[in-house]
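Protein chains in written order, with our numbering: chain V, 19 to 272; chain A, 201 to 534.
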């Protein structure tokens, strides 16, 4: 009903920025908890890249919207149903296998997405995509290596990783969903056809899973809804933690 | 039997050598020549450095935790990004220092086990909790500030790998300190609630920061030998005074009050006079009775034990790869 009020360009940038921010926030939760110091640094590093992307994308979204909302206004003063991040990235960290599986599925997607967005008619978005593509490719190399190590490591690591993939697989179809916002953005030369990326994503993911001796899940369920603000219950807690300070002291600048 | 005699002979022959070696070592140290990993060094020098360097590395790694406590709650995306980068730097310092300490003949695993089983120490400051966002500012400003005061002196330490590590680490730490001060400045100029948080953070971190320099010179167990070996270049009390003299004007600029009734400028001596550290509190926290001693170690233990299967997987995978490469060498040669 309120669709016409939403600027598809703003909405589109929000989707991109929100996914980066929420996953960056999830990775920040690993501080002090990683299995090895090098990996703790890697998770902080990847999280930092994602938060950097989110800052650029949300700032740009705020400018496109033209209502004076900056990156922080968008990050700290929206409630669950106003968030547009993919359901996949808001899922809880779980063990290291689940975090890496989530990361691998997303990194592979994000790399393809940025590759295509580098040609966007929105020159700011194109610049962000070029910069972020390098990061996404590096992230994908990292998560891919862990898929191999854990999939083809010990029996325990294999079992844990397979379970993680099975638990996350139902959030994958949403990555490739298209709605009227996507269509409008494709028509404007700003957005991309994510559905067209599915085959390449599939083949890249299947290749790694096969090398890692993992089975492509066949779970028989799939959920989506983030584009309409329908999320899993995990997002509310993440936001409660992340947004606490600016909301408790709304007059303060930090 | 023959072997025993031979060993005895070596021991006998070595005795006079040791004195000569120690003397030559001290001459080298006095001449400001850096000691390098393969150089001869007294066992006590080696032990002292292992203790100090591993403790330093552990402090970096445990020091990530009180800041990590606010990483998911940082009040702006910029602050979150800065804090994440800072924590990452600290982990990097830990790795760097563990590597430098490994040149002395101990492994990182051994050192880390000593941290986890409680036999090695880390800076007691990290046993204090971070209760409000200004604590992140205070840690950067005061804790990193105190650390830099110590570490600038360590850049001239007689042991080469440690001194070089300090040069790199000091550069990053001074950036951290500026970031911390910037948080304090914004809060001190902010709302009444923010000013209250900033003052509260200063009240809680000031004295523990002064404790970071260790006991008074007269009571310091390691000072005189460390000074002779030029591991330490300035005494605890000298460094503490230097820190106070540099920091008091910074607090004044912020409009915050340092929680010390006796603090006063001594014009005759060109330095600040100040009160006395509560050494009972210091010992109490060092001995395990700080608010967070147990949590800090437990967090690191849980991460280490919980990550055992991940490390095993990585090892198993590396072995499998090696075996596969070894079983198919002909392919490469063809």
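Each residue gets a CB set at the ideal place from its N, CA and C atoms; glycine is no exception.
TODO: Answer with yes or no whether the minimum CB distance from residue 279 of chain A to chain V is below 9 Å.
DONE: Taking Cβ atoms only, chain V reaches closer than 9 Å to residue 279 of chain A, which makes this a yes.
TODO: Pick out whichever of A/222, A/236, A/354 and A/523 has its Cα sitting closest to the Cα of residue 430 of chain A.
DONE: Nearest option by C-alpha distance: A/354.
Open item on the list: Which residues of the region 58-85 of chain V have a Cβ closer than 8 Å to any Cβ of chain A? Give them in chain order.
Closed with: Cβ contacts with chain A come from 58, 59, 62, 63, 65, 66, 69, 70, 72, 73 and 76.
- [ ] Can you pull the chain V residues whose beta carbon is under 7 Å from the beta carbon of residue 237 of chain A, in chain order?
- [x] Under the 7 Å cutoff, chain V gives no residues; its nearest Cβ is about 22 Å from residue 237 of chain A.
Open item on the list: Using 8 Å as the cut-off, can you tell me whether the region 408-421 of chain A makes contact with the region 310-325 of chain A, which would need three or more C-beta pairs spanning the two stretches below that distance?
Closed with: When Cβ pairs closer than 8 Å are counted between the two stretches, the region 408-421 of chain A is seen to touch the region 310-325 of chain A, the count reaching three or more.
TODO: Measure the alpha-carbon distance for residue 22 of chain V versus residue 137 of chain V and round it to whole angstroms.
DONE: Here the model assigns residue 22 of chain V a pLDDT of 48, short of 50, so the residue's position is not dependable, and the following value carries that caveat. The straight-line gap from Cα to Cα measures roughly 27 Å.
Task: Cβ shell of residue 196 of chain V (< 8 Å), same chain only, five flanking positions each side left out - done: So the qualifying residues of the chain are 211, 212 and 213.
- [ ] Closer than 8 Å by C-beta to residue 533 of chain A: which residues in its own chain qualify, once you throw out the five before and the five after it? Chain order, please.
- [x] The pLDDT assigned to residue 533 of chain A is 49, lower than 50, so where the model puts this residue is not dependable, and the model offers no usable value.
Open item on the list: Going residue by residue through the region 93-172 of chain V, where are the continuous alpha helix (DSSP H) segments of at least 4 residues, counting only ones entirely within it?
Closed with: Counting only runs of 4 or more, we get 105-108, 114-135 and 141-169.
Task: Contact set between residue 268 of chain A and chain V, taken where Cβ atoms lie within less than 7 Å - done: Those are 49 and 50, listed as they occur along chain V.
Open item on the list: For the structure I just gave you, are there three or more beta carbon pairs, one from the region 101-119 of chain V and one from the region 26-45 of chain V, closer than 8 Å?
Closed with: The region 101-119 of chain V makes contact with the region 26-45 of chain V: 3 or more CB pairs, one atom from each, lie closer than 8 Å.
TODO: Measure from the alpha carbon of residue 107 of chain V to the alpha carbon of each residue in V/189, V/198, V/272 and V/203, then state which is nearest.
DONE: Taking each of V/189, V/198, V/272 and V/203 in turn and checking the Cα distance to residue 107 of chain V, the smallest one comes out for V/189.
Open item on the list: Taking the straight line between their C-alpha atoms, what separation do you get for residue 524 of chain A and residue 126 of chain V?
Closed with: Within the model, the alpha-carbon separation for residue 524 of chain A versus residue 126 of chain V is close to 27 Å.
Open item on the list: I need the straight-line Cα distance from residue 57 of chain V to residue 264 of chain A, nearest angstrom please.
Closed with: Residue 57 of chain V and residue 264 of chain A have their C-alpha atoms roughly 14 Å apart.
Task: Three-state secondary structure assigned by DSSP to residue 466 of chain A - done: In the structure shown, residue 466 of chain A adopts extended strand secondary structure according to DSSP, grouped into three states.
Open item on the list: Between residue 267 of chain V and chain A, is any beta-carbon pair separated by less than 9 Å?
Closed with: At least one chain A Cβ lies under 9 Å of residue 267 of chain V.
TODO: Please work out which residues of its chain come closer than 7 Å, Cβ to Cβ, to residue 297 of chain A, disregarding the five sequence neighbours upstream and downstream, and give them in chain order.
DONE: Taking C-beta separations shorter than 7 Å and ignoring five residues to either side along the sequence, the partners of residue 297 of chain A in its chain run 253, 256, 257, 260 and 365, following chain order.
- [ ] Let me know the secondary structure DSSP gives residue 471 of chain A once reduced to three states.
- [x] In this structure, residue 471 of chain A counts as strand in the three-state DSSP scheme.
Task: Spatial neighbours of residue 20 of chain V in its chain, beta-carbon cut-off 8 Å, leaving aside the 5 residues before and after - done: For residue 20 of chain V, the predicted model reports a pLDDT of 43, less than 50, meaning its position is unreliable; a value from the coordinates is still stated below. Closer than 8 Å at Cβ, skipping near neighbours: no residue.
- [ ] Kindly list, in the order they appear in chain V, the residues whose Cβ is closer than 7 Å to that of residue 539 of chain A.
- [x] Because chain A spans 201 through 534 in this model, residue 539 of chain A falls outside it and cannot be assessed.
- [ ] For chain A, find out if any of its Cβ atoms is closer than 9 Å to the Cβ of residue 96 of chain V; answer yes or no.
- [x] False, the Cβ-Cβ gap to chain A never drops below 9 Å.
Open item on the list: If distances are taken between C-alpha atoms only, which option among A/294, A/339, A/422 and A/392 comes closest to residue 369 of chain A?
Closed with: Distance check between residue 369 of chain A and each of A/294, A/339, A/422 and A/392 places A/294 closest, using alpha-carbon atoms only.
Task: One or two residues paired with residue 235 of chain A in a DSSP bridge - done: According to DSSP, residue 235 of chain A bridges with A/359.
Task: Within the region 23-95 of chain V, ranges of the alpha helix (DSSP H) (whole runs, at least 4 residues) - done: Note on the region 23-95 of chain V: whole alpha helix (DSSP H) runs with a minimum of 4 residues are 26-46, 55-83 and 89-94, in chain order.
TODO: Answer with buried or exposed for residue 232 of chain A, where buried requires no fewer than 16 other C-beta atoms within 10 angstroms of its C-beta.
DONE: Burial state of residue 232 of chain A is exposed, judged by a 10 Å Cβ sphere holding fewer than 16 other Cβ atoms.
Task: Coil, strand or helix - residue 422 of chain A by DSSP - done: Taken through DSSP and simplified to helix, strand or coil, residue 422 of chain A comes out as coil.
Open item on the list: Contact criterion: CB-CB distance below 9 Å. Does residue 90 of chain V meet it with respect to chain A?
Closed with: For residue 90 of chain V, the answer is yes, since a Cβ of chain A falls inside 9 Å of its Cβ.
Open item on the list: So residue 384 of chain A and residue 338 of chain A are supposed to be a Cβ contact under 8 Å. How far apart are they, rounded?
Closed with: That belief holds up - the Cβ atoms of residue 384 of chain A and residue 338 of chain A are roughly 7 Å apart, short of 8 Å.
Open item on the list: Determine, for residue 501 of chain A, whether the minimum Cβ-Cβ distance to residues of chain V falls below 9 Å.
Closed with: Not one chain V Cβ lies under 9 Å of residue 501 of chain A.
TODO: Count the C-beta pairs between the region 501-511 of chain A and the region 424-440 of chain A that are closer than 8 Å, then say yes if the count reaches three, no if not.
DONE: The region 501-511 of chain A, when compared against the region 424-440 of chain A, does not touch it at the 8 Å Cβ threshold.
Task: Closer than 9 Å to chain V by CB, residue 383 of chain A - done: For residue 383 of chain A, the answer is yes, since a Cβ of chain V falls inside 9 Å of its Cβ.
Task: Inter-residue spacing [alpha-carbon to alpha-carbon] between residue 280 of chain A and residue 272 of chain A - done: If you take the alpha carbons of residue 280 of chain A and residue 272 of chain A, they lie about 8 Å apart.
Open item on the list: Between residue 325 of chain A and chain V, is the shortest Cβ-Cβ distance under 9 Å, so that the two count as touching?
Closed with: When Cβ-Cβ separations below 9 Å define contact, residue 325 of chain A makes no contact with chain V.
- [ ] Decide yes or no for the touch test of the region 481-494 of chain A against the region 133-152 of chain V: beta carbon pairs closer than 8 Å, at least 3 of them.
- [x] Judged by Cβ distances under 8 Å, the region 481-494 of chain A makes no contact with the region 133-152 of chain V, as fewer than three pairs qualify.
Open item on the list: To the nearest angstrom, how far is the alpha carbon of residue 499 of chain A from that of residue 202 of chain V?
Closed with: One C-alpha to the other measures close to 49 Å.
- [ ] Would you mind sorting residue 161 of chain V into buried or exposed? The rule is 16 or more other CB atoms within 10 Å of its CB.
- [x] Per the 10 Å Cβ criterion, buried.
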